[in-house]
Amino acid sequence: MKIYRGKTAIVTGGGSGIGRELALALGRAGARVAITDIVYKRALDAAVEVKALGGDAWAYEVDHSDMEGTKKFAERFFSEIAVVDVLCLNAGVGHGAPFERTSLQDWEWVLKTNLWGVIYMLQCFSPHLIEKKRGWVLITASIAGLFPLPGMAPYNVSKFGLVGLAETLRIEWAARNIVVSALCPGVISTNIIKNGRIDLKKAGGESTSGAVEKFYAKMGADPAVVARDGLKGLARGACIIPSPLHAWPGYLLHRLSPSLSSAMGNFFWKRGWPFGR
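According to numbering that gives the first Met the number 0, the sequence shown is numbered sequentially starting from 0.
The following block contains the structure:
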């Protein structure tokens, strides 16, 4: 990934999971990396790891669901570092519940972080890329942005929105030499379930949040694989980057036949598989 050597990158939500692996991969590739996280210690630890690889890194505590906080981060970034080439817009939260048990507060929490957090960052940093007429933008969406998963309405909406945003900007900014890609991870071993809001239950009313967390920990793919796929895909100018391999069948099925994809989802949802309702 020689394309990133000497470049300056920002990775949001870079203190853990996919974001942390994006930061490390960029550091290995020779990029300077600014890492943000809502928990400063996580960002700092990731920055220390990048520095241990021989790269430059900075840590920032930022709540990307807050426009004012994001604006202040941008002002500080440009005063301290001045230039950015790569945006990895990765910060996000997880949510799982049937629509009828999803509150407006849950909707706002998910959309403000997952969707608006990306919009806020683009509002603050895209003018710099447009002025330079050069840049790379990797937006972390999800397979839930390629085909809907039952019990995840707010999350699906946020991620479908990110895929649509990435595809739109890809068209608008092509003439400005700015590459935009949507990274769409499948089941990945991160803390998104542990730190998320999960309200799924078995038929008897027993919570399955623990089972969901264990499933992701045991069966989830290595986030380093997703980070590698994302950065390689961005470097070659890919539009949609499903990762890892298990993310592809659902994507291809939904493209081939949305009706069949929906019927399969309904079949499993009615049976409460695999995590209840």
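Even for Gly, the Cβ is constructed at its ideal location relative to N, Cα and C. Remember, predicted model here, so these are calculated numbers, not experimental data.
- Rounded to the nearest whole angstrom, the CA to CA distance from K50 to S180 is 27 Å.
- For S188, no beta strand (DSSP E) segment is defined, and its DSSP state is neither H nor E.
- CA-to-CA, the gap between A58 and D36 works out to about 8 Å.
- For Y3, the closest alpha carbon among the candidates A42, S15, C87 is that of C87.
- By alpha-carbon distance to G236, the top candidate from M218, L182, F266, V211 is L182.
- A residue is called buried when at least 16 other Cβ atoms come within 10 angstroms of its Cβ; R133 does not meet this threshold and is exposed.
- Per DSSP, E205 lies in no alpha helix (DSSP H) segment and is marked neither H nor E.
- Residue state for H63 is assigned as coil, using DSSP reduced to three classes.
- Taking a contact to require three or more Cβ pairs closer than 8 Å, the region 259 to 272 and the region 142 to 158 qualify as touching.
- Counting only runs that start and end inside the region 2 to 74, the beta strand (DSSP E) elements of at least 3 residues fall at 7 to 10, 31 to 36, 56 to 60.
- A residue is called buried when at least 16 other Cβ atoms come within 10 angstroms of its Cβ; P184 meets this threshold and is buried.
- If you ignore the 5 residues before and after A28, its C-beta comes within less than 7 Å of the C-beta of M0, Y3, R4, all in its own chain and listed in chain order.
- For C87, the enclosing beta strand (DSSP E) stretches over residues 85 to 88.
- Note that the C-beta distance between V136 and V92 is not below 8 Å.
- Between the alpha carbons of A73 and W172 lies a gap of roughly 21 Å.
- Beta-bridge pairing by DSSP links C183 to P241.
- When DSSP states are grouped into helix, strand and coil, A140 belongs to the coil group.
- Burial is judged here by how many other beta carbons sit within 10 angstroms of a residue's own beta carbon; M218 has fewer than 16 and is exposed.
- R254 counts as exposed, since fewer than 16 other beta carbons sit within 10 angstroms of its beta carbon.
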